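Visitor: Sending over a structure as structure tokens; questions will come in a sec.
Protein chains in written order, with the numbering used here: chain U, 125 to 684; chain R, 125 to 684.
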């Protein structure tokens, strides 16, 4: 069999390799005229997108990118960022998606830890780097993008992003509809599905951020498996959808959207820097039907003036991740006719492990119960193996009650942290990836996350599932957001304390009465009832927008 | 990282291997209580099915199955056959799905060519073997299944299938809901995703049947990709469906059903030996919503007394493959409210290459045009690359008109024929798999098959696309089935001749007038019009039920 030198293609006994090059070519050849939008300013067809990706990949190789090099990207959610998602791995490198919410110090740390060789950067972020440019002497080139077209900067050597992606079709290509297969025969290095394609940093509870890596194969399998799970109701993704995720591209592969959306052949809208007025306008103008976000963003969008009018007619379906959607927020979204669906995963899992859907097993439940299920973690995605175990790695019963750590296997989980062998070992102890989350699983395989191991409150030897408890408290009229932490206690070891935000101070009496109602109806156990409620103006947040419980824990500890 | 000895599981840098063991465990752990039906006689939950598969795999290893051995299965479409689909590859072997429609001579040939070591066989087929048992001295054991429970036979050594799958759960397992992960720790050999998992024989136009092989990886990727394509309307497969394919399990992996149905977690009905009255009863009783079949079977079902009443209320969605669905048959199915969808592939492609669906690109068409599209080959399945080329392997325009050979790449195409290196080389010439089919592709990537290369009629240097032409002729009132072949002609090289079946003889005049109408409305070119119409009582068929054009060609050649 002749061995062909196609992008990332190896025709061997194994068949087509699961590289991003093959993945993209298959997607584009099926839907060459489908469109990618940057806000409502720029539109590229998939075929044009592909051409730009190939040009950028070739340019990177010409600039000196070597097989295995890391290339950082610092940008908002743009079409150019998505081009880098493909071009860098196709050129043989790994894309380092820099967390722009990190402090400058942490950004420097991650870039130097990853030893990036090139940096693709939007002009707005250049001053951040210029301030300390002597720290970046190891960078071989700066690829700058500016909407103005001008890229004035003291960073050297520098290249204009738009010069690199642009070129003229060759004489041979002119007049052809699509040139997916021909143009692929380039001088690009051949890639293997086991090459590392992405790296990004994730913050643990302690210590410096860890670099999580994924291979081409990981990303392709994640995309295809996720796609075949997202077709279940109520998400029911089909070729008629228009997709605009409000999940940063630096955040765990934007939950897989840059891969599955192209493979599914859907219009893909990139909103740029988040501006909720613009986001609402794009939803209306481009008829967006599917989006994804963390609960905090949903709350911010709902607070935007005029949001109700636009969203009420949108029939938007929203995948919620990052943290659990509270009952209160679910109700507000559903009052507008929005569909919200829960999903679960983490940085190390690409991220999808489970997605909620209305299966035959749960469709007999009451609408109220279905709503609760549908915003939970959900069912394991195709090809995954998920279970809950005790601290000795014994399987726990799938009874919907037993609480244990969620452990997982799938063909797309990270094989390890960059230059941190010991942490990797710990992540994978016993042959399963340890999520550090506590959950229950029922007989149908439906997973609910009840707590983070690190946030656990144990009272009298029993778990107080703070995520479930917060969900329930959030539905109390007047409460906006809530976070429960454990306060040291002589008798019970720990007792739960609830911090909350609200427009006005709420009477402790009122809150206690509401809690008693939940105890009476059996929704919470008596010992889950917070011993006190503390109102705060706002919560501190982690770089991914979740409530940071560390300062709250310190506060109750200080007060004990 | 500790290396675990799980079934087909390798925890290495690549993550979970794409083996059938991992695939099945993921499926079963997500839906342990879902059911597999053998007719309406036997029901097993997925968890029970899994237990039986593991028992059978262990039994095979104990009987002496070695890594890489082939094990033949000779049975109708039963749950036990599906158990073998998993147990044999999980035990380290490859399942040889024997074509029971072959003549005894060809069955002997394929078993000896594959050098099978064991044969799993239903009692009904035992006499066929006993007649020539001296030919099978190389078989190490006969695993016989009988619905009566008795397995009297002169074949030796013989084992009762049901003894091998049965055993008691261990003390440790008792009282557990599912034991997917524990029970997996067995003494089974470890398998790799690149091990050969299946082999079956396919007949070409000339010569002996060729053995096509597929790896674990091929089958897993085929299933997941197919699943994520079948969710498009009008198939819209979801977790609420009940599936009963009427495609023999020996026929190209039953088009992937034994894999994707389990992974999707759906009720899976096996109809046993085809009995159309029983099939209709099962559709009604078990509320079957999705099926698959070749056009001939659909015709036979529609001819079954009482079929109309049952089918009219069934809302059944049918995947049609094997050969194109004619317009006439489509109309009859749709008059009953059935949904028919075309798909395309071949033995060497696992089989799925394309599936039809109503994409955004075609939804603006008229209902009539959509029907025509939806029964065509359709859009390439996720991860595939399909194009049409001329005889020098140049890409042809995607204009919906240019006719060329369909060539393909995907991660699940056969890597070769068993012990036929030269044929493999030919199949993969130029780095693409050659289907031997002629087709057109439009700008949206929609594929239509217009002919088999071997059945081509070329008149005046132009293709007469016989599949399209037959489709159109089939809609003429009175015509039942039709086959067009080329008759040698001095002036045009070849001219088309149509053979047809009908209840009564149709006047040539009438047929010519109908053809003229098609020419006038532009549906057929003038030179496609058959020079004569020949009525036959019935058509000879190939082993997969397609009309065999060979004798028809001989007939027109003899008469020229």
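The beta carbon of each residue, even a glycine, is placed where N, CA and C say it ideally should be. In this text, all values refer to a predicted model and were calculated from it rather than measured experimentally.
How about residue 508 of chain U: is its C-beta nearer than 8 Å to some C-beta of chain R?
Guide: One-based indexing of the first chain puts residue 508 of chain U at position 384. Yes, residue 508 of chain U counts as interfacial toward chain R.
Visitor: Once the 5 residues before and after residue 587 of chain U are set aside, which same chain residues still bring their CB inside 8 Å of it?
Guide: Counting from 1 along the first chain, the entry for residue 587 of chain U is found at position 463. Only 527, 562, 574, 575, 580, 581 meet the Cβ criterion.
Visitor: Mind checking residue 167 of chain R: buried by the 16 CB within 10 Å criterion, or exposed?
Guide: Along the second chain, read from residue 1 onward, the residue named residue 167 of chain R stands at position 43. Flag for residue 167 of chain R reads exposed.
Visitor: Strictly below 8 Å CB to CB, what residues from chain R border residue 504 of chain U?
Guide: Counting from 1 along the first chain, the entry for residue 504 of chain U is found at position 380. Neighbours of residue 504 of chain U on chain R, chain order: 150, 153, 154.
Visitor: State the Cα-Cα distance for the pair residue 510 of chain U and residue 564 of chain U, rounded to the nearest angstrom.
Guide: Within the first chain, the letter at position 386 stands for residue 510 of chain U. Within the first chain, the letter at position 440 stands for residue 564 of chain U. Residue 510 of chain U and residue 564 of chain U: Cα-Cα distance of roughly 11 Å.
Visitor: Check whether the stretch 228-240 of chain U touches the stretch 388-406 of chain U, counting contact only when three or more Cβ pairs, one atom from each stretch, lie closer than 8 Å.
Guide: No, the stretch 228-240 of chain U does not touch the stretch 388-406 of chain U.
Visitor: Taking beta-carbon pairs under 9 Å, can you tell me which members of the stretch 524-546 of chain U lie near chain R?
Guide: Residues 533, 534, 535, 536, 537, 538, 539, 540.
Visitor: Hey, does residue 497 of chain R have any beta-carbon neighbour from chain U nearer than 8 Å?
Guide: Here residue 497 of chain R is taken as the residue at index 373 of the second chain, counted from 1. Not closer than 8 Å to any Cβ of chain U, the Cβ of residue 497 of chain R fails to qualify, so no.
Visitor: From residue 246 of chain R to residue 268 of chain R, what does the alpha carbon distance come to, in whole angstroms?
Guide: In the second chain, the residue the question calls residue 246 of chain R occupies position 122. In the second chain, the residue the question calls residue 268 of chain R occupies position 144. Going from the Cα of residue 246 of chain R to the Cα of residue 268 of chain R covers about 6 Å.
Visitor: Note down, in chain order, each residue of its chain lying with its Cβ closer than 6 Å to the Cβ of residue 295 of chain R, except the 5 sequence neighbours on either side.
Guide: As a first step, residue 295 of chain R must be located in the second chain, where it is residue number 171. Only weak support exists for where residue 295 of chain R lies, its pLDDT of 43 falling under 50; the coordinates are left without a value.
Visitor: Looking at the C-beta of residue 192 of chain U, does it have a partner C-beta in chain R at a distance below 8 Å?
Guide: The sequence position of residue 192 of chain U within the first chain is 68, counting from 1. Not one chain R Cβ lies under 8 Å of residue 192 of chain U.
Visitor: Report all residues from its chain with a CB closer than 7 Å to the CB of residue 397 of chain R; omit the five preceding and five following residues, and keep chain order.
Guide: The residue given as residue 397 of chain R occupies position 273 in the second chain. Closer than 7 Å at Cβ, skipping near neighbours: 200.
Visitor: Using a Cβ-Cβ cut-off of 7 Å (strictly less than) and excluding sequence neighbours within five positions of residue 460 of chain U, which residues of its own chain qualify?
Guide: To locate residue 460 of chain U, count along the first chain from 1; it is residue 336. Correct list, in chain order: 432, 435, 436.
Visitor: Mind listing which residues of the stretch 198-229 of chain U have their C-beta closer than 8 Å to chain R's C-betas, in chain order?
Guide: Against chain R - using a Cβ distance shorter than 8 Å - the stretch 198-229 of chain U contributes no residues.
Visitor: Compute the Euclidean distance between the alpha carbons of residue 323 of chain R and residue 544 of chain R, then round it to the nearest angstrom.
Guide: One-based indexing of the second chain puts residue 323 of chain R at position 199. One-based indexing of the second chain puts residue 544 of chain R at position 420. Near 13 Å, if we compare the C-alpha coordinates of residue 544 of chain R and residue 323 of chain R.
Visitor: Here's the rule I'm using: 16 or more other beta-carbon atoms within 10 Å means buried, otherwise exposed. How should residue 439 of chain R be labelled?
Guide: Taking the second chain and counting its residues from 1, one reaches residue 439 of chain R at position 315. Result: exposed.
Visitor: Note down, in chain order, each residue of its chain lying with its Cβ closer than 6 Å to the Cβ of residue 216 of chain U, except the 5 sequence neighbours on either side.
Guide: Here the question's residue 216 of chain U lines up with position 92 in the first chain. So the list reads 191, 313, 315, once near-sequence residues are dropped.
Visitor: Per the DSSP calculation, residue 392 of chain U is bridged to which residue(s)?
Guide: Numbered from its first residue, the first chain carries residue 392 of chain U at position 268. Bridge partners of residue 392 of chain U: U/160, U/367.
Visitor: So, helix, strand or coil for residue 384 of chain U, using DSSP?
Guide: Counted from its first residue, the first chain places residue 384 of chain U at position 260. Correct three-state label for residue 384 of chain U: helix.
Visitor: Is it right to say residue 262 of chain U is buried, meaning 16 or more other beta carbons lie within 10 angstroms of its own, or is it exposed?
Guide: Your numbering for residue 262 of chain U matches position 138 in the first chain. Classification of residue 262 of chain U: exposed, given that the 10 Å Cβ count is below 16.
Visitor: From residue 458 of chain U to residue 427 of chain U, what distance separates their C-alpha atoms?
Guide: By one-based count along the first chain, residue 458 of chain U stands at place 334. By one-based count along the first chain, residue 427 of chain U stands at place 303. Cα to Cα, the separation comes out at about 15 Å.
Visitor: Given a cut-off of 8 Å, decide if residue 507 of chain R and residue 354 of chain R are closer than it, judged by their beta-carbon atoms.
Guide: Residue mapping note: residue 354 of chain R aligns to position 230 of the second chain, counting from 1. Residue mapping note: residue 507 of chain R aligns to position 383 of the second chain, counting from 1. Contact flag unset, no.
Visitor: Taking 8 Å as the threshold (beta carbon to beta carbon), is residue 351 of chain U in contact with chain R?
Guide: Locating residue 351 of chain U in the first chain gives position 227, counting from the first residue. By this cut-off, residue 351 of chain U is an interface position.
Visitor: Could you compute how far the alpha carbon of residue 299 of chain U sits from the alpha carbon of residue 519 of chain R?
Guide: Numbered from its first residue, the first chain carries residue 299 of chain U at position 175. Numbered from its first residue, the second chain carries residue 519 of chain R at position 395. Its pLDDT being 44, under 50, residue 299 of chain U is placed unreliably by the model, and nothing is read from it.
Visitor: Please classify residue 478 of chain U: is it buried, with 16 or more other beta-carbons within 10 angstroms of its beta-carbon, or exposed?
Guide: Position 354 of the first chain, counting from 1, holds the residue named residue 478 of chain U. Classification for residue 478 of chain U: buried.
Visitor: Nearest to residue 367 of chain R by CA position, among R/633, R/475, R/159, is which residue?
Guide: Taking the second chain and counting its residues from 1, the one referred to as residue 367 of chain R is at position 243. Of R/633, R/475, R/159, the residue nearest in Cα terms is R/159.
Visitor: Which word fits residue 475 of chain U, buried or exposed, when buried means at least 16 other C-beta atoms lie within 10 angstroms of its C-beta?
Guide: Your numbering for residue 475 of chain U matches position 351 in the first chain. The residue in question, residue 475 of chain U, is buried, as its Cβ has 16 or more Cβ neighbours within 10 Å.
Visitor: Quick one: which chain U residues come within Cβ less than 9 Å of residue 357 of chain R?
Guide: The residue given as residue 357 of chain R occupies position 233 in the second chain. Going along chain U in sequence order, the residues near residue 357 of chain R (Cβ under 9 Å) are 362, 363, 364.
Visitor: Look at residue 532 of chain R and residue 557 of chain R and say whether their C-beta atoms are less than 8 Å apart.
Guide: Residue numbering aside, residue 532 of chain R sits at position 408 when the second chain is read from its first letter. Residue numbering aside, residue 557 of chain R sits at position 433 when the second chain is read from its first letter. The answer is yes: Cβ separation under 8 Å.
Visitor: Which residues in the same chain have their Cβ closer than 7 Å to the Cβ of residue 595 of chain R, if we skip the five residues on either side of it in sequence?
Guide: Position 471 of the second chain, counting from 1, holds the residue named residue 595 of chain R. Within the same chain, residue 595 of chain R has close Cβ partners 448, 450, 451.
Visitor: What is the DSSP secondary structure of residue 284 of chain R, counted as helix, strand or coil?
Guide: Locating residue 284 of chain R in the second chain gives position 160, counting from the first residue. Note: residue 284 of chain R maps to strand in three-state DSSP.
Visitor: Taking 8 Å as the cut-off, decide whether the C-beta atoms of residue 373 of chain R and residue 144 of chain R are in contact.
Guide: The count along the second chain starts at 1 and reaches residue 373 of chain R at position 249. The count along the second chain starts at 1 and reaches residue 144 of chain R at position 20. For residue 373 of chain R and residue 144 of chain R, no; Cβs fall outside 8 Å.
Visitor: Nearest chain U C-beta to residue 157 of chain R closer than 8 Å, yes or no?
Guide: Within the second chain, the letter at position 33 stands for residue 157 of chain R. Yes, contact with chain U.
Visitor: So, using beta-carbon positions, are residue 673 of chain R and residue 606 of chain R closer together than 8 Å?
Guide: In the second chain, residue 673 of chain R corresponds to position 549, counting from 1. In the second chain, residue 606 of chain R corresponds to position 482, counting from 1. No, Cβ-Cβ distance for residue 673 of chain R and residue 606 of chain R is not below 8 Å.
Visitor: Along the chain, where does the alpha helix (DSSP H) that runs through residue 642 of chain R open and close?
Guide: The residue given as residue 642 of chain R occupies position 518 in the second chain. 632-644 is the extent of the alpha helix (DSSP H) around residue 642 of chain R.
Visitor: For residue 469 of chain R, go through chain B and note every residue whose CB falls closer than 9 Å to its CB, in chain order.
Guide: Of the protein chains in this structure, namely U and R, none is chain B.
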